[in-house]
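> This is the structure, below, for whatever I ask next.
The following block contains the structure:
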C-alpha cells in the first residue's frame, strides 16, 4: 500500500511491523501530519487554526472534535469542514463524525511532526471514537494538501 504522504516516517513508525503499516485503514495514519507549529506555554489554539487551514474544504460535511487534556483541565476544538472551507470552534451543534482524545504533550508532538497519529494511538497516548471512515477521510484531506512545513 502506498503512503498518502511523501513525508518520511518517524523512527518509531518505521519500527512498526510492516503488516501494521500495510493495512489499508492504518496506511492513512503512519506518516506524521504536516507541521502545525511548536505549541508552547499552553498556546494550542494556533496549531488548531493551522490544522483547520490544512484540512480545508470538503465535498461532504465533516465534523471532527479533538479533546486535549492538560493540567488546567480539558479543552476541545471542533473542525467543521464543508464546501466553503473549514471552521475551527470550541463547540458545535452539529453531530460529531469522529473524536480524538489525547493529552497536551501528545498533541504537541503530533503538531510538531515528531509523532504520527498511528504511533500515538499504538502507544495508548490517543483514543479515537466515532466513525472511522470520517477519521480516515480527515487524514486524506490533510495529506492531499501535502503542505510544506510551517
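In this note's numbering, the protein residues as written are 618 to 767.
By construction, the Cβ of each residue, glycine as well, lies at the ideal position given by its N, Cα and C atoms.
Compute the Euclidean distance between the alpha carbons of residue 719 and residue 703, then round it to the nearest angstrom.
Going by the C-alpha atoms only, they are around 22 Å apart.
> Where does residue 651 land, buried or exposed, given buried means 16+ other C-beta within 10 angstroms?
With 16 or more other Cβ atoms within 10 Å, it is buried.
> What's the gap between the Cα of residue 708 and the Cα of residue 715?
When rounded, the distance between both Cα atoms is 14 Å.
> Within 10 angstroms of the Cβ of residue 685, are there 16 or more other Cβ atoms? Answer buried if so, exposed if not.
Buried, because 16 or more other Cβ atoms sit within 10 Å of the Cβ of residue 685.
> Would you grab the beta carbon distance between residue 697 and residue 674 for me? Rounded to a whole angstrom, and I think it's under 8 Å.
That belief does not hold up - the Cβ atoms of residue 697 and residue 674 are roughly 11 Å apart, past 8 Å.
> For my contact list, residue 745 and residue 752 are in at a C-beta cut-off of 8 Å; report their separation, rounded to the angstrom.
With a Cβ gap of about 6 Å, residue 745 and residue 752 count as contacting.
> What's the C-alpha gap between residue 653 and residue 730?
Going from the Cα of residue 653 to the Cα of residue 730 covers about 8 Å.
> Just the C-alpha distance for residue 758 and residue 682, rounded to the nearest angstrom, thanks.
Between residue 758 and residue 682, the C-alpha separation is close to 15 Å.
> Given this structure, state the Cα-to-Cα distance separating residue 750 from residue 689, to the nearest angstrom.
Distance between the alpha carbons of residue 750 and residue 689 is about 32 Å.
> Tell me whether residue 710 sits in a helix, a strand or coil according to DSSP, three-state version.
In this structure, residue 710 counts as coil in the three-state DSSP scheme.
> Do residue 725 and residue 743 have their beta-carbon atoms positioned less than 8 Å apart in this structure?
No.
> Out of 666, 701, 665, 662, which one is the CA nearest neighbour of residue 678?
Per the Cα distances, 701.
> Is it the case that the Cβ atoms of residue 721 and residue 661 are separated by a distance below 8 Å?
Yes.
> Hey, how far is the Cα of residue 705 from the Cα of residue 664?
The alpha-carbon atoms of residue 705 and residue 664 are separated by roughly 11 Å.
> Which residues in the same chain have their Cβ closer than 7 Å to the Cβ of residue 775, if we skip the five residues on either side of it in sequence?
This structure does not reach residue 775, given that the chain is present from 618 up to 767, and the question cannot be answered.
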